[in-house]
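Remarks on the structure that follows.
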Amino acid sequence: MKLDEQLLNGTASDGAQTTKDIYFAGGCFWGTEHFFKQIEGVVLTEVGFANGHTENPTYKEVYTDQTGFAETVFVRFRPDVVSLEFLLQMFFKAIDPTSLNKQGHDEGTRYRTGVYYTDPADLPVIEKVFAEEQKNYEQPLVVEKLPLQNFYTAEEYHQDYLDKNPDGYCHLPLSLFEFARKARENK
């Protein structure tokens, strides 16, 4: 089921007052989700598959790299607590933005990096952060910045994977989760 359908049905409601949504592809979605869950102001995360060309893909289908999907984390956040700019800056701390279709030991187009937005008003903020981050690298950034075309929720066993499996595989170092937990935006 698509996340939009779940939101309409009320099954992914967070009860927060005012929230915004953004989608991050940062390699394996287990670690990327766990990373964003640590950040104050993030009220909901969900792992799934974004911007591919088939309907209702399974993990097994996406794993073949034939569907065009990227492993992606839906992030709902409270902009009165944390800004999109801060979340983007944090995202860049969790990825190698110059590595095409590879993060850590995970390789394939499903592991590409990207920021997918649903509100066109977010694009100037995204472009600003990308321009700032590019100054930190000699090589060009290979992170996609595109409108969200589609998003399908991954199977239940992928949701909150590292909470359920604390010793499970993750391409991100544990220290990064602690960093995210302690990070605060200067507002």
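In case it helps, UniProt numbering puts the sequence shown at residues 1 to 187. All C-beta atoms, glycine included, are put in the ideal place defined by N, C-alpha and C. Keep in mind it's a predicted model, so treat the numbers as computed, not measured.
- Going by C-alpha positions, G27 is about 10 Å away from C170.
- The shortest CA-to-CA distance from P140 to any of P120, A180, D96, R181 is the one to D96.
- Of the residues assessed, L88 falls on the buried side of the cut-off, its CB having 16 or more other CB atoms within 10 angstroms.
- When secondary structure is reduced to three states using DSSP, P147 falls in the strand class.
- In the structure shown, L141 adopts coil according to DSSP, grouped into three states.
- Each residue's CA atom was taken as its position, placing T32 and A94 some 8 Å apart.
- Cβ contact annotation for K128 (same chain, cutoff 8 Å, sequence separation greater than five): E85, in chain order.
- In the DSSP assignment, E46 falls outside any alpha helix (DSSP H) and lies within the beta strand (DSSP E) extending over 42 to 50.
- When only Cα atoms are considered, H34 and L162 end up about 7 Å apart.
- In this structure, DSSP gives Y116 an extended state, which the three-state scheme calls strand.
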